[in-house]
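Residue numbers (the UniProt record's numbering): 1 to 346.
Beta carbons: idealized from backbone N, C-alpha and C, even for Gly.
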């Protein structure tokens, strides 16, 4: 009897040992992330990168500040940002980052060195859809030596300035990587000489769309058109401008008279050095433009030489609203234009 019991116990132990061995082998084959009971500094770089990729922006910033040895790892992880708004309030630099069109990170910095360090990090890791620079912020960094000497560049599709001060625009645009699709300069302040300097910036020469809100001179149209001709601008390139002074339309006709293919009071079409492309100038004529002290709007566009007049866009309100969203959407006659010649004093 005792022998039978002992035999049964040996059989059970053998089976349990076999099952445990099989279970151990199966567990080893499972792709389960390991749990590290160790310090951050002892973890493999690939695990650190995976952790950093799951961190929020402020968490990454904290890690970067507390673990200086890991800065290169933190800085190597790009962050897609819908909008970066850089401003100045009460002598403090203000940083606001939006992801999924929601406030994701907000930070105020009183000291320029601290603000620059934060800006430098944002510049390294941020892949922006839109970058917005207010006047105060942009001026601060335009005169800050470290901003000019640093090699880092922003990555952004759209750039917007709340003021078109020449030195500010140049300083910031020099810190943008190639690939900018839109540049918007609001609230003017640019004169003729400064415009010439901006037209020399490669980003401006190659951008698909740009505009100047409230330009002070009357020479922007023919200068931009000439720049496009000289640089053989790509099809679809667009420039828009608003100003309060008369003369822009007439100056365009005067300077490019030998290139005119067709003209009326609303549009002028000129040839370029590229047989496949023409440049079309359009004036935003509507009821709105008759209001006293309301700006005039113009659009230049590189079009196909094959485009017919029947294909022209007659809804000037739509492109005017790109510059001035406040333009009333229910303005009478703003959507219906006529190519008939009529009296209009420029």
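The distance from the Cβ of residue 251 to that of residue 219 is about 6 Å, consistent with a contact at the 8 Å cut-off. If one requires a minimum length of 3 residues, the beta strand (DSSP E) runs lying completely within the segment 102-186 are 102-109, 126-133, 155-161, 182-185, in chain order. Per DSSP, residue 51 is one residue of the alpha helix (DSSP H) stretching across 45-53. Apart from sequence neighbours up to five positions away, the residues of its chain that approach residue 182 with a beta-carbon distance below 6 Å are 158, 209, ordered along the chain. Residue 163 and residue 41 have their C-alpha atoms roughly 46 Å apart. Runs of the beta strand (DSSP E) lying entirely within the segment 214-258 and spanning at least 3 residues, in chain order: 238-243. Residue 299 counts as buried, since at least 16 other C-beta atoms from the protein chains shown sit within 10 angstroms of its C-beta. From the listed residues 47, 277, 60, 131, the smallest Cα separation to residue 87 is found for 131.
Separation of residue 308 and residue 119 (C-alpha to C-alpha, rounded to the nearest whole angstrom) is 48 Å.
Annotated three-state conformation of residue 66 is helix, per DSSP. In this structure, the straight-line span from the alpha carbon of residue 279 to that of residue 205 is close to 15 Å.
Following the DSSP letters along the chain, one finds residue 84 inside the beta strand (DSSP E) bounded by residues 79-89.
Shown here, residue 59 sits in a helix according to DSSP, grouped into three states. DSSP places residue 270 within a strand segment (E or B) once states are collapsed to three. When only Cα atoms are considered, residue 53 and residue 113 end up about 27 Å apart. Residues of the same chain with a CB within less than 7 Å of the CB of residue 197, apart from the 5 flanking positions on each side, are 166, 170 in chain order.
Shown here for residue 284: same chain residues with a beta carbon closer than 6 Å to its own, the five before and five after excluded, namely 297, 316, 320 in chain order.
By the CB criterion at 8 Å, residue 45 and residue 63 fall outside the cutoff. Taking a C-beta distance under 8 Å as the contact criterion, residue 194 and residue 125 do not qualify as a contact pair.
In this structure, residue 154 places its C-beta atom within 8 Å of the C-beta atom of residue 128.
Between residue 256 and residue 267, the gap from beta carbon to beta carbon reaches 8 Å or more. Our two residues, residue 161 and residue 176, have alpha carbons roughly 13 Å apart in a direct line.
Relative to residue 65, the option among 232, 310, 273, 121 whose CA is nearest is 121. In the DSSP secondary-structure assignment, residue 301 is bridged to 238, 280.
Annotated three-state conformation of residue 317 is helix, per DSSP.
Shown here, residue 190 sits in coil according to DSSP, grouped into three states, outside any helix or strand.
Inclusion of residue 98 and residue 82 in the CB contact set at 8 Å is warranted, their separation being smaller than that value. By the criterion of a C-beta distance shorter than 7 Å, residue 261 is surrounded in its chain by 269, 270, 271, 278, once the five residues flanking it on both sides are discounted. For residue 72, the enclosing alpha helix (DSSP H) covers residues 71-75. Here the alpha carbons of residue 318 and residue 211 stand approximately 15 Å from one another. Within a 10 Å sphere around the beta-carbon of residue 111 sit fewer than 16 other beta-carbons, which makes this residue exposed. Counting only the Cα atoms, residue 258 lies some 53 Å from residue 103.
As DSSP reads the structure, residue 210 sits in a beta bridge with 183, 239. Boundaries of the beta strand (DSSP E) harbouring residue 96: 92-99, taken from the DSSP string.
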